[in-house]
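Read the structure below first, then the notes.
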Amino acid sequence: TSVEFYKFIAVGIWSTIIGSGVSHILLEFLNVNYFIASAAGFISGVYAGYDFNRKWTFEVKQEKKYTEIIKYYAVHIVSLILSLLVIPVFGIETPITVVLMVGIPICTNFVGIKKFVFKR
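Residue numbers (the working numbering): 325 to 444.
Here it is as structure tokens:
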């Protein structure tokens with residue numbers, strides 16, 4: 325529904341803030357390698373959104389399953405790969421690419437999480 329989609333966007337903003345914050349702290353204050361900091365930011369951002377999407381966006385009532393979080397991460401990884409394909413396919417400079425890459429994860433994550441992870 326459109327209500328679910330708007331909730332999903334709000335959770336996505338929250339998750340992005342968390343993930344970006346983790347990456348920033350690791351890079352700027354702890355001098356962690358860029359790749360490791362980015363991976364940690366991605367992992368923490370996705371995890372930050374899991375419970376919110378589960379309970380608030382899609383209102384899942386059943387008990388949590390271990391396979392559910394694996395599917396949740398799988399959807400995000402596929403979405404990340406698809407969005408990264410924009411760079412070599414279109415050969416676009418980074419600022420424009422970032423803007424274009426936002427739509428792919430929003431659509432693939434929403435549909436994937438709704439239909440594959442929480443099966444609604």
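Cβ atoms here follow ideal geometry from the backbone N, Cα and C, with glycine treated the same way.
Count the other CB atoms, across all protein chains shown, that sit within 10 Å of the CB of residue i; report buried if there are 16 or more and exposed otherwise.
| i | result |
| --- | --- |
| residue 441 | buried |
| residue 382 | buried |
| residue 350 | buried |
| residue 444 | exposed |
| residue 357 | exposed |
| residue 330 | exposed |
| residue 388 | exposed |
| residue 438 | buried |
Measure the Cβ-Cβ separation of residue i and residue j and say whether it is below 7 Å.
| i | j | result |
| --- | --- | --- |
| residue 343 | residue 399 | no |
| residue 410 | residue 421 | yes |
| residue 317 | residue 433 | For the chain, the structure presents residues 325 to 444; residue 317 sits outside this window and is missing. |
| residue 370 | residue 378 | no |
| residue 374 | residue 396 | yes |
Ordered along the chain, which non-local residues of its own chain (more than five positions away) have a Cβ less than 7 Å from that of residue i?
| i | result |
| --- | --- |
| residue 376 | 335 and 338 |
| residue 362 | 347 |
| residue 393 | 374 |
Which residues in the same chain as residue i place their Cβ atom closer than 8 Å to its Cβ, once the five residues preceding and following it in sequence are excluded?
| i | result |
| --- | --- |
| residue 364 | 346, 347, 350 and 356 |
| residue 428 | 403, 406, 407 and 410 |
Which residues in the same chain have their Cβ closer than 6 Å to the Cβ of residue i, if we skip the five residues on either side of it in sequence?
| i | result |
| --- | --- |
| residue 372 | 339 and 342 |
Could you name each continuous alpha helix (DSSP H) segment of 4 residues or more that falls completely within the segment 360–420, going from the start of the chain to the end? Whole alpha helix (DSSP H) segments, 4+ residues: 390–408 and 410–414.
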